[in-house]
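Since the structure comes first, as structure tokens, the remarks are kept for the end.
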Amino acid sequence: MGDTPRLIATDIDGTLIRDDHSVSPRTADLLARISARGTPVVLVTGRPVRWLKMVYDQLARPLPAVCANGAVVYDPFEDEVVRADPLAPHHLAEVARRLRAEVPGISFAVEILDSREMRHEVHYPLRWDADANGIRPIETPEELLSVPAVKLLARAGEQDPDAFAELIATAVAGLAEATHSSSSGLVEISAAGVTKAAGLAWYCDQLGVAAEDVLAFGDMPNDVPMLTWAGRGVAVANAHRAVLAVADDVTTANTEDGVAAYLEKIFGVD
6 MGDTPRLIAT
16 DIDGTLIRDD
26 HSVSPRTADL
36 LARISARGTP
46 VVLVTGRPVR
56 WLKMVYDQLA
66 RPLPAVCANG
76 AVVYDPFEDE
86 VVRADPLAPH
96 HLAEVARRLR
106 AEVPGISFAV
116 EILDSREMRH
126 EVHYPLRWDA
136 DANGIRPIET
146 PEELLSVPAV
156 KLLARAGEQD
166 PDAFAELIAT
176 AVAGLAEATH
186 SSSSGLVEIS
196 AAGVTKAAGL
206 AWYCDQLGVA
216 AEDVLAFGDM
226 PNDVPMLTWA
236 GRGVAVANAH
246 RAVLAVADDV
256 TTANTEDGVA
266 AYLEKIFGVD
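Per this note's numbering, the sequence shown starts with residue 6, numbered consecutively.
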């Protein structure tokens, strides 16, 4: 990649926003200025579409997003999903079968309708969005696996996140992708080949932007494929060790506006 990238891709949680879920005025202003100069900025996140509004509300204008760890590409201006790559019901059923055999007490939720809605088993522990619209428990066991899902979520009580993700990845190898971005033992499962890198690569291809011209920021294991794929991958200082290991560079922590600080230097603005 040359000195100035042709496209900026950034994770949201733990990277672009602060720990209180706020976008700093410094960051919002800088992203608006870079976009106005003609350099595309894309959010690449594990979040579902329905969780983007709380970020968009803090920006000068919405930004295109690659959601659900690469399974969904979203146009906020038309409120339209322009690409989705879900797990088919028969793959969901086989993943669930393997994991129930491997992990006693495992429970599932699925992101459906391009991540606009979520269905979960009754005993699946909801954390921060139990009252959100579009989220409800399933009425029958078959309902969980009956429609395509852009993400299958798995929990089994409090787990070491790295060890649990590795266990699940091994169990679903060849059938699906497993990763994590939490500290509480939540594993996120996508269709085979679906990663943040794959979703971002598709988006960049539509714009004619090569991987070598992309600058990407991240902090958790689900960001590793994207940072490896991009011409320059930058970890925030608070990043998981797996991200720090593959990053080409490191900026300051998300609580110190690490993305903005790095972009200010790259684009020569303050």
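Even for Gly, the Cβ is constructed at its ideal location relative to N, Cα and C. Since this is a predicted model, take the numbers as computed values, not measurements.
DSSP state of residue i mapped onto helix, strand, coil
i: E85; result: strand
i: L48; result: strand
i: V214; result: coil
i: H96; result: helix
i: Y129; result: coil
i: L220; result: strand
i: I13; result: strand
i: R55; result: helix
i: R105; result: helix
Residue range of the alpha helix (DSSP H) that includes residue i
i: T32; result: P30 to A41
i: E144; result: That residue, E144, is in no alpha helix (DSSP H); it is neither H nor E in DSSP.
i: V251; result: R246 to V251
i: V60; result: K58 to Y61
i: V255; result: Per DSSP, V255 belongs to no alpha helix (DSSP H); it is in the beta strand (DSSP E), D254 to T256.
i: V264; result: G263 to F272
Status (buried if at least 16 other CB within 10 Å, exposed otherwise) for residue i
i: Q164; result: buried
i: S27; result: exposed
i: F113; result: buried
i: R237; result: buried
i: L150; result: buried
i: A215; result: exposed
i: L157; result: buried
i: G51; result: buried
i: L35; result: buried
i: G162; result: exposed
Host beta strand (DSSP E) of residue i (start-end)
i: M225; result: Note, M225: premise wrong, no beta strand (DSSP E); not H, not E.
i: A240; result: R237 to V241
i: A114; result: S112 to I117
i: A70; result: A70 to C72
i: V77; result: V77 to D80
Residue i Cβ short of 7 Å to the ligand ATP heavy atom set
i: I13; result: As for the ligand ATP, it is missing from this structure, which has no ligand bound.
Practice task
Decide yes or no for the touch test of the segment 114 to 125 against the segment 136 to 153: beta carbon pairs closer than 8 Å, at least 3 of them.
Solution key: yes
Problem - Unbroken stretches of the beta strand (DSSP E), 3 residues or longer, contained in the segment 142 to 197 - result: 154 to 160, 181 to 184 and 192 to 196
Practice task
Would you check if the segment 190 to 206 and the segment 225 to 232 touch, i.e. whether three or more CB-CB distances between them fall below 8 Å?
Solution key: yes
Practice task
Indicate whether the contact test is met: 3 or more Cβ pairs, each with one atom in the segment 185 to 197 and one in the segment 156 to 175, closer than 8 Å.
Solution key: yes
Problem - Cβ pair count under 8 Å reaching 3, the segment 86 to 106 against the segment 218 to 225 - result: The answer is no - the segment 218 to 225 does not touch the segment 86 to 106, with fewer than three Cβ pairs under 8 Å.
Practice task
Check whether the segment 73 to 86 touches the segment 12 to 20, taking contact to mean three or more Cβ pairs, one atom from each stretch, closer than 8 Å.
Solution key: Counting C-beta pairs closer than 8 Å gives fewer than three between the segment 73 to 86 and the segment 12 to 20, which falls short of the contact rule.
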